[in-house]
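Chains as they are written, first to last, in UniProt numbering: chain D, 1 to 458; chain W, 1 to 458. Idealized CB from N, CA, C, for every residue including glycine.
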């Protein structure tokens with residue numbers, strides 16, 4: 001379609017049109033390679049509107065892209081326009097009265113955290129790729145991460161959106177309204193829509209009081225049920241102060257402690273890393289946590305006595321992914337089940353997998369406070385991307401147990417290309433039909449990120 | 001349509017079919033009278049499905065009704081079936097590991113609060129009609145109330161829904177998943193849809209740690225800007241502990257203190273009633289608040305020294321509505337603007353109203369922490385429902401200023417019948433078109449609560 005593509009030169013600045021060699025075409029996991037006909041990097045929302053109007057008229061596919069850190073292939077352009085939002089990166093407003101910040105889609109998450117920090121506030125979304133992922137992508141995928149237990153997922157942090165619909169219409173709701181019920185809430189349709197309904201160009205996000213004190217403990221527990229019981233006790237007592245409650249298996253800890261050449265804080269089947277924070281500078285949090293653990297008979301534990309000790313404990317959690325690389329390429333699962341079902345899921349799923357693949361290695365860790373697990377499986381003697389030949393077989397087993405335990409196949413990474421054929425298993429046909437109706441109304445020519453999220457029709 | 005209506009007797013129990021005299025046909029404000037052809041009160045979700053299947057086939061209008069406490073006429077049946085959900089009132093599960101409760105739509109809000117309390121948890125939604133309003137209605141209208149500042153509106157408290165679509169299809173997502181991103185989030189379409197998309201039959205809701213200590217203060221302030229500055233300071237320091245921050249005008253206080261024959265706690269243009277709570281029993285909250293107010297130079301204030309003093313302060317806030325009845329029938333507004341815009345709105349709106357109606361009396365109070373105001377206006381010498389002849393003129397002026405200050409015409413009461421002609425002013429035509437597409441897909445015969453929420457097409 002050279003004629004259609006040439007038209008962009010008539011209404012965009014030369015610097016808004018990139019060459020293919022200017023962008024990273026491989027995705028984060030080097031599993032997919034994008035093949036766009038054109039890469040556009042608009043400098044303004046007006047340019048996004050012009051691009052969408054033209055693409056709508058000419059039926060040119062458009063794949064919005066942020067920091068290219070997605071793990072499910074949602075931002076991999078297969079022909080058409082790769083719409084890179086990186087240049088829409090202004091912090092538009094910080095509003096202290098309303099505890100809100102208005103930012104453009106291309107802002108890097110860490111820059112938003114820093115802008116909040118400069119205003120003596122917290123923007124709580126925090127995840128491994130925060131140095132390069134972008135807010136638009138975080139919203140489009142409803143990102144999760146480390147602070148969901150206390151502050152919620154991205155969905156819970158969005159007060160308002162500015163969006164460009166597939167036909168170029170701008171719909172803007174960027175004023176911070178804390179109560180508002182005026183018809184169907186379309187903001188929540190766009191959050192988690194992975195670029196299939198339109199382009200998110202800006203958002204008004206919630207800010208919070210900055211934590212002033214932190215108390216961190218590492219607790220060895222006998223079982224996941226024991227860990228859930230500890231979670232319930234901590235939440236009953238400390239309420240919102242609990243911001244992290246991470247579960248680590250004995251095997252996962254052995255990997256990261258070996259990798260770091262560090263001592264294991266406790267000897268146990270399962271380990272919990274929990275953290276409390278408080279906005280008060282003199283909250284007595286550390287002593288209160290020590291007393292709480294003592295009173296609850298939790299002797300197999302360590303409290304961080306300094307920021308350095310805290311970082312040592314967190315390093316054991318954060319280096320599991322790096323430490324497992326020696327095991328080969330993993331088949332990863334981003335799953336969640338109700339917290340009360342985690343123990344049953346872990347037990348049954350391991351039994352099923354071992355029966356099917358006797359030598360399988362399972363690295364299990366995650367955010368127990370959200371019921372969300374990183375459940376990574378390694379097949380010995382199978383290297384590199386060859387492992388993907390076994391992906392469907394492993395997924396079948398894992399997801400069957402996820403569904404038995406009333407869970408979800410996508411907790412915080414989204415659906416993208418790699419899970420869309422599983423959507424039929426978790427959503428009712430009537431819901432999929434409604435999703436398709438919404439999509440068809442907004443995007444009748446199916447130009448917005450085609451081939452992503454929605455299962456292929458039969 | 002007698003033939004269609006007779007059919008209900010073939011598949012419902014006799015006790016599921018009421019006579020018109022069994023139900024309250026006037027709405028809460030005695031402004032509208034329902035005129036259904038039939039009143040059904042299903043005992044089970046299966047009965048709801050059977051009713052919807054029949055109504056879908058026969059194109060019989062259905063108006064779902066909960067506690068009949070709505071203020072906008074959303075549950076007033078105009079012909080067809082009035083579907084009263086009161087008998088679907090089981091608490092299905094309390095889940096401590098997941099901090100969740102699963103309840104049927106007809107559960108009275110207070111009964112849900114009490115069930116949470118018995119499990120040593122808090123269900124935080126709290127509003128004036130909690131003794132008779134029902135959870136299904138709270139969800140359908142995205143109810144707000146007193147604890148939104150800390151815990152959010154009903155939308156923020158819903159983990160999952162069970163719904164019956166207009167054609168009778170049951171779609172159930174009642175397992176507590178704290179992270180889940182599997183395509184477009186349809187739960188949020190139903191929340192706030194006011195019965196126009198289907199019937200909500202049950203919900204899984206969030207529970208929280210029960211507060212153990214409370215600190216309450218009444219502070220006189222010079223201006224709303226001064227109040228906003230106090231709000232910002234309190235939130236920065238006490239973070240989530242702040243659960244109420246109520247604004248009361250000098251005139252509103254004079255009414256309620258006169259009505260109660262009680263002393264006014266402070267002498268000031270504006271008054272703030274603020275409350276902190278904490279899950280820790282020995283949190284030192286009272287002393288911390290006293291110290292905070294002293295350090296911030298807030299001398300025109302009173303701290304409640306006992307539960308009785310606390311109740312005396314709250315009575316002054318809660319009796320404003322009762323106290324204003326002597327002024328006649330009011331034209332009420334349920335509005336919200338960004339918190340930073342409240343002062344400007346109040347100033348400009350009063351100026352405009354007084355110019356138009358020189359003798360107008362304005363009773364202004366509300367949840368400043370959410371930017372949400374009860375803005376009640378009284379026209380002297382106009383009694384009873386005669387006042388509604390002036391409603392559009394007053395609304396024009398009030399809503400023009402609401403929109404100038406980037407606010408919403410419906411904060412926590414919904415749209416119903418009385419505000420649907422205003423929806424065009426706050427939603428983009430492309431959004432209304434999408435709403436109509438969603439409605440048409442789910443409800444092609446427009447049987448679900450027709451005439452509510454969506455503006456009449458031109």
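Proximity below 8 Å, CB of residue i to CB of residue j
i	j	result
residue 34/D	residue 77/D	yes
residue 139/W	residue 112/W	no
residue 248/D	residue 273/D	yes
residue 338/D	residue 208/D	no
residue 233/W	residue 296/W	yes
residue 383/W	residue 255/W	no
residue 448/W	residue 183/D	no
residue 70/D	residue 134/D	no
residue 402/D	residue 365/D	no
residue 340/W	residue 115/D	no
residue 269/W	residue 367/W	no
residue 201/W	residue 438/W	no
Range of the contiguous alpha helix (DSSP H) that encloses residue i
i	result
residue 438/W	429-442
residue 348/W	342-356
residue 314/D	307-318
residue 136/W	135-140
residue 272/W	Residue 272/W -> not in any alpha helix (DSSP H); beta strand (DSSP E) instead, spanning 270-278.
residue 546/D	This structure cannot settle anything about residue 546/D, because the visible part of chain D is limited to 1 through 458.
residue 286/D	285-295
residue 111/W	109-118
residue 49/W	45-58
Residue i burial status per 10 Å Cβ neighbour count (16 or more: buried)
i	result
residue 371/W	buried
residue 263/D	exposed
residue 187/W	buried
residue 50/W	buried
residue 1/D	Unreliable placement is indicated for residue 1/D, whose pLDDT of 46 sits below 50; the coordinate value is still reported in the next sentence. Flag for residue 1/D reads exposed.
residue 240/W	buried
residue 375/D	buried
residue 235/W	buried
residue 306/W	exposed
residue 322/D	exposed
residue 41/D	buried
residue 444/W	exposed
Within chain A, partners of residue i - CB distance below 7 Å
i	result
residue 134/W	Among the chains of the structure shown, chain A does not appear; the protein chains present are D and W.
Residue range of the unbroken beta strand (DSSP E) whose run includes residue i
i	result
residue 101/D	100-104
residue 250/W	First-last for residue 250/W: 250-260, but that is the alpha helix (DSSP H), not the beta strand (DSSP E).
residue 172/W	170-172
residue 92/W	91-95
residue 490/W	Chain W is shown from 1 up to 458; residue 490/W falls before or after that span and cannot be answered.
Other residues of its chain near residue i: CB distance less than 6 Å, five sequence neighbours each side excluded
i	result
residue 265/D	218 and 302
residue 298/W	219
residue 359/D	380
residue 336/W	371, 372, 407, 408 and 411
residue 32/D	73 and 76
residue 144/D	153 and 412
Cut-off 8 Å between Cβ atoms - residues of its own chain near residue i, not counting five sequence neighbours on either side
i	result
residue 459/D	As displayed, chain D neither begins before 1 nor continues past 458, which places residue 459/D out of reach and without an answer.
residue 279/W	209, 210, 211 and 212
residue 257/W	263, 264 and 316
Chain-order list of residues whose beta-carbon lies under 7 Å from that of residue i (same chain, five-residue window excluded)
i	result
residue 289/W	215, 217, 276 and 303
residue 9/W	17
residue 3/W	With a pLDDT of 49 at residue 3/W, under the threshold of 50, the modelled position of that residue is not reliable, and the figure given next carries that caveat. Hits under 7 Å: none found.
residue 267/D	220
residue 253/D	264, 271 and 316
Hey, is the region 174-181 of chain W in contact with the region 212-232 of chain D, meaning 3+ C-beta pairs nearer than 8 Å? no
Does the count of Cβ pairs from the region 353-362 of chain W and the region 393-411 of chain W closer than 8 Å reach three? yes
Tell me, please, whether the region 405-423 of chain D touches the region 136-151 of chain W by the rule of three or more beta-carbon pairs shorter than 8 Å. no
Taking three-plus beta-carbon pairs below 8 Å as touching, is the region 377-396 of chain W in contact with the region 324-343 of chain W? Flag = yes, the region 377-396 of chain W and the region 324-343 of chain W touch.
Inter-stretch contact (C-beta, 8 Å, three-pair minimum) for the region 159-171 of chain W and the region 190-208 of chain D: Segments in contact, no.
Touch test, the region 81-96 of chain W against the region 47-64 of chain W, Cβ-Cβ under 8 Å, three pairs minimum: yes
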